[in-house]
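*Asks:*
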DNA sequence: CAAGACCTATCTACCAATTGATAGGTATTT
DNA sequence: AAATACCTATCAATTGGTAGATAGGTCTTG
């Protein structure tokens, strides 16, 4: 993978997490990276292909971070709590899939599919950690909601208070 | 209030709750209502003025619905749970302020202010109902997250399962 | 009461800017 | 020479927003 591809995906992820799918443009990403917008089309044919690739990478990275924390001995709820919490740290940013999923009607099917896969992966991880179906859904909802509120209010500490009685 | 103004706000609310702030255009709203886009500018000078007005109306309506349920004797958590749940019923739609708040970087300050006011109003209502600060934040997060996941997955029953152990 | 003035709500027509996307050229590397 | 990775230039469509006209209602005033 080239440097440029990574930089494009980094910039796209950053912007999606702040402003959503329709909240970024190829030219903004290009300016962030220091290339021209046509160069982004060279690597990603369409906007939805870029967003889907970003979501796919995000899913893998976040699930791996949780898996690592669990493998290191942390209990499954606290593992996921700290994964979500650390997403807030740089710039009070939303969960990528929360940001996309909140406006699911604005997404192409491929992007929506990645978003749903993320939610399913988190639930599966929580269930694998011993939680019931309903409890897993509740924990995912509480984390996704807490990051949404904290991000909208611009105050990461809200996340901590909203999730203090979770784990 | 004229019929047209209501129809414009109804259409805008519907579209924002499905696709977010950047997910609707004046011409789409105009087509929904059966007028021309210039007529919308007559009633709402800018896009953000329309969105802010829609959010303001939504906040008042939703808070009143919860207040009524509480006044009718329902406990505060179940009152808010049923208010959020009923939002899902017509078309698996998001909470308006959740949809807007998830992409807060895409909003003008006036719209962002309405969104924050909604969250604060829900928290205040929960605290007035006897909950601690942290518990109120947790309930709001859980409801907002549950409606997000259920709406993204297109399955309202997910909301029920995610919130079954809340009240 | 009649007439002119004003207000409301809509329209047609347009604008500048931005959008995602394409075509075709140009270095650099393999 | 062929592939890679970028560029310039451009396109058609869409965007939020504006200008100006028009039809109909209401108010004021002689």
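Residue numbers (UniProt numbering), protein chains in the order written: chain A, 1 to 167; chain B, 1 to 167.
We put the CB at the ideal spot given by N, CA and C, even for glycine.
From which residue to which residue does the alpha helix (DSSP H) around residue 109 of chain B run?
*Replies:* That run of the alpha helix (DSSP H) goes 109-128.
*Asks:* So which of B/9, B/43, B/122 and B/99 has the shortest CA-CA distance to residue 149 of chain B?
*Replies:* Checked all of B/9, B/43, B/122 and B/99; the closest Cα to residue 149 of chain B is B/99.
*Asks:* Whose Cβ in chain B lies nearer than 8 Å to the Cβ of residue 158 of chain A?
*Replies:* Near residue 158 of chain A (Cβ distances below 8 Å), the residues of chain B are 137.
*Asks:* Kindly indicate if chain B contains any beta-carbon less than 8 Å away from that of residue 149 of chain A.
*Replies:* Yes, residue 149 of chain A lies at the interface with chain B (some Cβ there is under 8 Å from its Cβ).
*Asks:* From A/12, A/134, A/145 and A/165, pick the residue whose C-alpha is nearest to that of residue 163 of chain B; which is it?
*Replies:* For the residues A/12, A/134, A/145 and A/165, the minimum Cα distance to residue 163 of chain B belongs to A/134.
*Asks:* For residue 142 of chain A, I'd like the list of residues in its chain whose CB is within less than 8 Å of its CB, leaving aside the five on either flank, ordered along the chain.
*Replies:* Once the five neighbours on either side are set aside, the close Cβ partners of residue 142 of chain A are 162, 163 and 166.
*Asks:* Check for me: the alpha helix (DSSP H) holding residue 145 of chain B runs from which residue to which?
*Replies:* Per DSSP, residue 145 of chain B belongs to the alpha helix (DSSP H) from 133-153.
*Asks:* Leaving aside the five residues before and after residue 172 of chain A along the sequence, list all residues of the same chain whose C-beta is less than 6 Å from its C-beta, in chain order.
*Replies:* Since the displayed chain A opens at 1 and closes at 167, residue 172 of chain A lies outside it and no answer follows.
*Asks:* Please state whether the Cβ-Cβ distance between residue 23 of chain A and residue 102 of chain B is less than 8 Å.
*Replies:* For residue 23 of chain A and residue 102 of chain B, no; Cβs fall outside 8 Å.
*Asks:* Quick one, are the C-beta atoms of residue 156 of chain A and residue 89 of chain A less than 8 Å apart?
*Replies:* In this structure, residue 89 of chain A lies closer than 8 Å to residue 156 of chain A by Cβ.
*Asks:* Considering only the beta carbon of each residue, do residue 116 of chain B and residue 153 of chain A sit closer than 8 Å?
*Replies:* Yes, Cβ-Cβ distance for residue 116 of chain B and residue 153 of chain A is below 8 Å.
*Asks:* For residue 49 of chain A and residue 104 of chain A, what's the separation of their Cα atoms in angstroms?
*Replies:* Using only the alpha carbons, I get a separation of about 16 Å.
*Asks:* Looking at the secondary structure, which residues open and close the alpha helix (DSSP H) in which residue 97 of chain B lies?
*Replies:* Start and end: 96-101.
*Asks:* Drop a sphere of 10 angstroms on the beta-carbon of residue 73 of chain A, count the other beta-carbons inside from all chains shown, and report buried for 16 or more, exposed for fewer.
*Replies:* That one is exposed.
*Asks:* Does the beta-carbon of residue 190 of chain B have 16 or more other beta-carbons within 10 angstroms, so that it is buried, or is it exposed?
*Replies:* As displayed, chain B neither begins before 1 nor continues past 167, which places residue 190 of chain B out of reach and without an answer.
*Asks:* Quick check: what's the CA-CA separation for residue 68 of chain B versus residue 129 of chain B?
*Replies:* For residue 68 of chain B and residue 129 of chain B, the distance between alpha carbons rounds to 13 Å.
*Asks:* Near residue 44 of chain A, what residues of its chain come up, given a Cβ to Cβ distance below 8 Å and the 5 sequence neighbours on each side ignored?
*Replies:* Answer for residue 44 of chain A: 8, 50 and 53, listed in chain order.
*Asks:* Could you work out which residues of chain B lie near residue 161 of chain A, taking near to mean beta carbons separated by less than 9 Å?
*Replies:* Neighbours of residue 161 of chain A on chain B, chain order: 133, 134, 137 and 138.
*Asks:* Kindly say whether residue 116 of chain B, judged by its beta-carbon, lies nearer than 8 Å to any beta-carbon of chain A.
*Replies:* True, the Cβ-Cβ gap to chain A drops below 8 Å.
*Asks:* On the DSSP letters alone, give me the boundaries of the alpha helix (DSSP H) that residue 88 of chain B sits inside.
*Replies:* Where residue 88 of chain B is concerned, the enclosing alpha helix (DSSP H) stretches over 76-89.
*Asks:* Chain B partners of residue 20 of chain A, CB-CB under 9 Å?
*Replies:* Those within 9 Å of residue 20 of chain A in chain B are 20, 21, 22, 23, 102, 103, 105 and 106.
*Asks:* Cβ closer than 7 Å: which chain A residues qualify as neighbours of residue 98 of chain B?
*Replies:* Ordered by position in chain A, the residues that pass the 7 Å Cβ test against residue 98 of chain B are 102 and 148.
*Asks:* For residue 93 of chain A, which residues in the same chain have their Cβ closer than 7 Å to its Cβ, ignoring the five residues on either side in sequence?
*Replies:* The residues are 17, 18, 87 and 151.
*Asks:* What does the Cβ neighbour count give for residue 120 of chain A, buried or exposed, with the cut at 16 atoms within 10 Å?
*Replies:* When all chains shown are included, residue 120 of chain A counts as exposed.
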